[in-house]
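Engineer: Protein chains in written order, with the numbering used here: chain A, 11 to 122; chain B, 3 to 116.
A virtual CB, placed ideally from N, CA and C, is assigned to each residue, including glycine.
Here's a structure for you.
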Amino acid sequence: EADIYQTPRYLVIGTGKKITLECSQTMGHDKMYWYQQDPGMELHLIHYSYGVNSTEKGDLSSESTVSRIRTEHFPLTLESARPSHTSQYLCASTPEGTTTQYFGPGTRLTVL
Amino acid sequence: SQKIEQNSEALNIQEGKTATLTCNYTNYSPAYLQWYRQDPGRGPVFLLLIRENEKEKRKERLKVTFDTTLKQSLFHITASQPADSATYLCALVHGGGSQGNLIFGKGTKLSVKP
Chain A
11 EADIYQTPRY LVIGTGKKIT LECSQTMGHD KMYWYQQDPG MELHLIHYSY GVNSTEKGDL
71 SSESTVSRIR TEHFPLTLES ARPSHTSQYL CASTPEGTTT QYFGPGTRLT VL
Chain B
3 SQKIEQNSEA LNIQEGKTAT LTCNYTNYSP AYLQWYRQDP GRGPVFLLLI RENEKEKRKE
63 RLKVTFDTTL KQSLFHITAS QPADSATYLC ALVHGGGSQG NLIFGKGTKL SVKP
């Protein structure tokens with residue numbers, strides 16, 4: 011198991027609430043990612059970061075935002091959650107010089 | 003447009019048999035191809051990476067082949083066990099060599115029956 015952590019594991023929240031999904035890794039990896047995955051579907055990249063103070067949008071447009079103030083921490087924020095945001099959110103990181111990704115356990119978000 | 007296809011959504015086999023999963027891609031020229039395992043409600047776990055100049059890679063009961071002419075990778079699990087039941091994802095590096103991001107297929111759900 012990789013040393014990458016996500017909290018909370020499950021979140022049920024009402025429409026309009028602001029939420030932050032936490033992702034931390036203790037491996038010192040510079041590159042980190044956020045994916046969105048619906049049941050039975052492929053992972054879609056929504057954000058990534060090359061390192062501190064770097065954030066990039068992924069292939070799938072998302073209303074979420076991310077920040078990277080510390081190497082080990084890459085939180086994702088939704089300012090106003092909607093039912094369309096219901097999904098599994100997966101965080102990952104990559105050692106320098108490789109493309110292999112190490113994933114956290116995911117956060118299952120349900121917006122009512 | 004660029005596409006990755008894993009040929010079966012689900013594959014059911016008997017314990018002890020060899021499972022063969024297929025990954026086809028179009029409009030890519032990947033330098034690497036990777037296979038991951040994903041269990042329900044969990045993040046994917048890296049299994050194997052194969053480079054474009056490698057025909058075959060093995061790790062214990064796992065074997066991956068990579069045919070850049072056919073634009074296809076095959077993933078084999080020999081002597082399959084019920085514990086091998088999971089969804090298997092193939093992924094390609096999209097642009098930028100070792101700086102590129104991964105594009106994932108939808109996966110094939112493997113069920114190994116005792």
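From the DSSP output, which residues share a beta bridge with lysine 5 of chain B?
Structural biologist: Translated into positions along the second sequence, residue 5 of chain B becomes position 3. Lysine 5 of chain B pairs with B:Thr28.
Engineer: Is asparagine 95 of chain A helix, strand or coil by DSSP?
Structural biologist: Residue 95 of chain A sits at position 85 when you count from the first residue of the first sequence. Here the sequence assigns histidine to residue 95 of chain A, which means asparagine is not the residue at that position. Histidine 95 of chain A: helix per DSSP, three-state reduction.
Engineer: Taking 8 Å as the limit between beta carbons, can you name the residues of its chain near valine 76 of chain A, skipping five residues before and five after?
Structural biologist: Taking the first residue of the first sequence as 1, we reach residue 76 of chain A at position 66. Excluding sequence neighbours, valine 76 of chain A sits near Trp44, His57, Ser59, Thr65, Phe84, Pro85, Leu86 and Thr87.
Engineer: Excluding five sequence neighbours on each side, which residues of the same chain lie with their C-beta closer than 6 Å to the C-beta of glycine 1 of chain A?
Structural biologist: Outside the shown range of chain A (11 to 122) lies residue 1 of chain A, about which nothing can therefore be said.
Engineer: When you compare only the Cα positions, how much space is there between serine 82 of chain B and glycine 50 of chain A?
Structural biologist: In the second sequence, the residue the question calls residue 82 of chain B occupies position 80. In the first sequence, the residue the question calls residue 50 of chain A occupies position 40. Going by the C-alpha atoms only, they are around 23 Å apart.
Engineer: Are the beta-carbon atoms of threonine 117 of chain A and threonine 110 of chain A separated by less than 8 Å?
Structural biologist: In the first sequence, residue 117 of chain A corresponds to position 107, counting from 1. In the first sequence, residue 110 of chain A corresponds to position 100, counting from 1. No, the Cβ-Cβ distance between threonine 117 of chain A and threonine 110 of chain A is not below 8 Å.
Engineer: Below 8 Å on the Cβ atoms is my guess for leucine 119 of chain A versus serine 97 of chain A; work out the distance and round it to an integer in Å.
Structural biologist: Here the question's residue 119 of chain A lines up with position 109 in the first sequence. Here the question's residue 97 of chain A lines up with position 87 in the first sequence. That pair is a contact at about 6 Å.
Engineer: Report all residues from its chain with a CB closer than 6 Å to the CB of serine 74 of chain A; omit the five preceding and five following residues, and keep chain order.
Structural biologist: Working through the first sequence from its first residue, we reach residue 74 of chain A at position 64. Excluding residues within five positions, the ones whose Cβ falls inside 6 Å are Leu86 and Leu88.
Engineer: Nearest-angstrom Cα distance between alanine 85 of chain B and threonine 28 of chain B?
Structural biologist: The sequence position of residue 85 of chain B within the second sequence is 83, counting from 1. The sequence position of residue 28 of chain B within the second sequence is 26, counting from 1. So the two alpha carbons sit approximately 32 Å from each other.
Engineer: Would you kindly check if the distance between the Cβ of threonine 110 of chain B and the Cβ of threonine 80 of chain B is under 8 Å?
Structural biologist: Position 78 of the second sequence holds residue 80 of chain B. Position 108 of the second sequence holds residue 110 of chain B. Contact flag unset, no.
Engineer: What does the Cβ neighbour count give for asparagine 103 of chain B, buried or exposed, with the cut at 16 atoms within 10 Å?
Structural biologist: Walking along the second sequence from the start, residue 103 of chain B turns up at place 101. It is buried - the Cβ of asparagine 103 of chain B has at least 16 other Cβ atoms within 10 Å.
Engineer: Hey, how far is the Cα of asparagine 63 of chain A from the Cα of glycine 38 of chain A?
Structural biologist: Against the first sequence, residue 63 of chain A aligns to sequence position 53. Against the first sequence, residue 38 of chain A aligns to sequence position 28. C-alpha separation (whole angstroms): 15 Å.
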